[in-house]
Every structure is written in C-alpha cells, then in structure tokens.
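In what follows, a structure is listed as structure tokens, so that the remarks can point back to it.
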C-alpha cells in the first residue's frame, strides 16, 4: 500500500514560518503515524550559500528602513505577486523544485510562506497535479498569499477568512484552524520539574524573547535590569544569536542569581509554563504559542506589516499589550510583585476560554485532503 507523503515548504524570513511547518509535521505524525512528512526551507535548501545573505539583508532593511518596509507592505496589501515576480521565482526554483517533487512524490504540498506557495502555484498552472495547501502564519492576510491554484487555505481567524473572501478566494477553499504550534505547547508540565531542569526559582518570572532580532540591546531591557531583581526573576532567550548571548554573559548587569541567559532551545513551551509574563516581538507563531500557554504578553516594537497586525489583533482580544512606554513594563512588574495571585487567576481564566480550541485542527485539515485524494483514486 502506498505510504502517504506530505511535503511542507517554508522560507527562513523569520523563524515562525518554518516552526509552523515543523509543528504541522509533528501533529501529522501524532494523529497519523503512517504518514511521512518532509520539511524544507526552499531557498536555503536550493541555494545554501546565498540564502543567509538574503535573509541578513532582509533583517537589516527591516531595522534600518522600517517606513519603507511598511509603505511597501501597504502599497501591495491587496495584490498577489505579479507575473514578473512569479516568473523570476519560477526560473530560480522550477528545475530543482521539480526534481524534489519527482523524488519525494508528495500526495499534498503544504506551504507556510508565500514564496514557495507562489512557486508551487505556478507549477500547478503548468500541469503539476498535487493538492496545494497554504497555511497563513499570521493574524492578517497580505495579498502575496493569494493564488487561484491554492486548493485550501488554513487561516488563524474569521477576520483573516473575510480578507481572503474580499480578495476573491472561494469560501469552500478557506478553513479556520488557528495557526499550528507544536503539540507540546498544549500540554501542561509540572512546574517544579521545569524549575529544577533550568535552575529557576519559584518566584514571579518574566521571559524575554527576541534576541535573534537584536532586541536585547534595547532600552526596554535596561529598564528590566534596573528593577529589583531580588523580587523578579528574568529569563532572556537569545535564540540563535550566539554572538549577543556571549556578549551579555560578560555584561555585569546580567550577572545575578535571578537573571538567566539562554541560547537556542526547543523547550520554550516549558519556559512559558513557568513564566508569568512574556516580553516579545509579536510574530504569529510566538503569539499563538503564548496563547496556548495563556501567558500575558507585552509586545515590543512590532516589525512593519504582519507583526503590527498581530499586535493589534491580540491587544483587541485582551491577550497582549503593545509597549508604548517603559511605564508599561514597570506597571506589569509592580502587578507581579503586589498582585501575583490576581495575575495567576486571570491566566487560568484565559486557559478556560481557549479550552475549546483544538490544536490538531490544521493537521486534521491536511488529513482530510489526503483522504479526499484516496477516495478520488478509488
């Protein structure tokens, strides 16, 4: 019997897109162990030498020219990728992507980034007969996600669905599943075991993420370090930014029993479990992971475009607060010290509100596509 295969394609412009692909891969294997999955960052796989330079240039542009990036995002907000762009992507990726598909024989292709979605869409226009499922990994729907060849869109919320409908996407192609996060984020772990594992104390704790984007050099961090660290525990997670991590380890401000510096870890779910406040940039994946843990969030300087939309959506739902001034941080620390029981009670309330969310919905939607294919072949 033919083993069903799912090819998940992403790009490395921010870790969230690829994290979503791996989350789907894990969820698929959990509900259907016989399904084979393969996750690939298309550009990094096909051009491993150039991809890091392109991604670095993208990050630099975002930080040095945020107004330009915001203007470009808005000016093309309702537009799909134009023919010239799709043709360029086609020439860059077509031959190698075709070889990958011929080698892996996927039964469905899932894209968690607009670029591979556009590449596969053009291949489908030229005759590729494989269902394409596009997972929108933010709480917004930019026009670059949209293509007539996409068979199914998996989206985060009803407002995102409405935006796709406005762009002419047929309603039966859209399914609201929430953004997929790793199943671990929906599990509840023993806090004492986690504290022992990471050598943490049982006290009000703030988790700070965003080191990969240079966040740790900001005045917000200076404000945190200036607080009474005998009453608040701080966890700084630098992700893959090894250079910044090593530099901060030598900084005397970070040398304190209640200050913990971490590099890349696959156990962010555990750190969120034992933390009481998350300070982060509002990427779609991070926001959803935080929601799964019902941890209160403060959003630091959203990147132009999607992160701004994510921040606004979570603020409107009462799940997060954009940092408008350092007073927002100071006030939260005061709440953690003076009203800790109230903060934890509010978190439990959010947990009960999201209890109806089914974390495997995205994976199940892909399984439904596979099963439809099987029926069509019988």
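Residue numbers (my numbering): 40 to 417. Cβ atoms here follow ideal geometry from the backbone N, Cα and C, with glycine treated the same way.
- Looking at the DSSP output, residue 49 bridges to 80.
- The residue among 80, 205, 306 and 204 with its C-alpha nearest the C-alpha of residue 152 is 80.
- For residue 359, the beta-bridge partners assigned by DSSP are 336.
- Here the region 317–333 lies against the region 50–64, with 3 or more beta-carbon pairs under 8 Å apart.
- As a beta-bridge residue in DSSP terms, residue 192 pairs with 173 and 213.
- Relative to residue 228, the option among 309, 219 and 303 whose CA is nearest is 309.
- About 5 Å separates the beta carbon of residue 146 from that of residue 43, a gap short enough to meet the 8 Å contact definition.
- Put simply, the backbone Cα of residue 137 is about 52 Å away from that of residue 371.
- Sixteen is the threshold: since fewer than 16 other Cβ atoms of the shown chains lie within 10 Å of the Cβ of residue 296, the residue is exposed.
- Three or more beta-carbon pairs separated by less than 8 Å link the region 68–80 to the region 402–412, which places the two stretches in contact.
- For residue 382, the enclosing alpha helix (DSSP H) starts and ends at 379–392.
- Straight-line measurement puts the Cα of residue 249 at about 24 Å from the Cα of residue 235.
- Here the alpha carbons of residue 333 and residue 389 stand approximately 6 Å from one another.
- The region 193–205 makes no contact with the region 262–277; the number of CB pairs closer than 8 Å stays below 3.
- If you draw a straight line from the Cα of residue 168 to the Cα of residue 155, it is about 16 Å long.
- Between residue 219 and residue 411, the gap from beta carbon to beta carbon reaches 8 Å or more.
- Rounded to whole angstroms, the Cβ separation of residue 143 and residue 46 is 6 Å, and the two are in contact under 8 Å.
- Distance check between residue 241 and each of 375, 198 and 175 places 375 closest, using alpha-carbon atoms only.
- A check of alpha carbon separations from residue 401 across 222, 180, 337 and 135 identifies 222 as the nearest.
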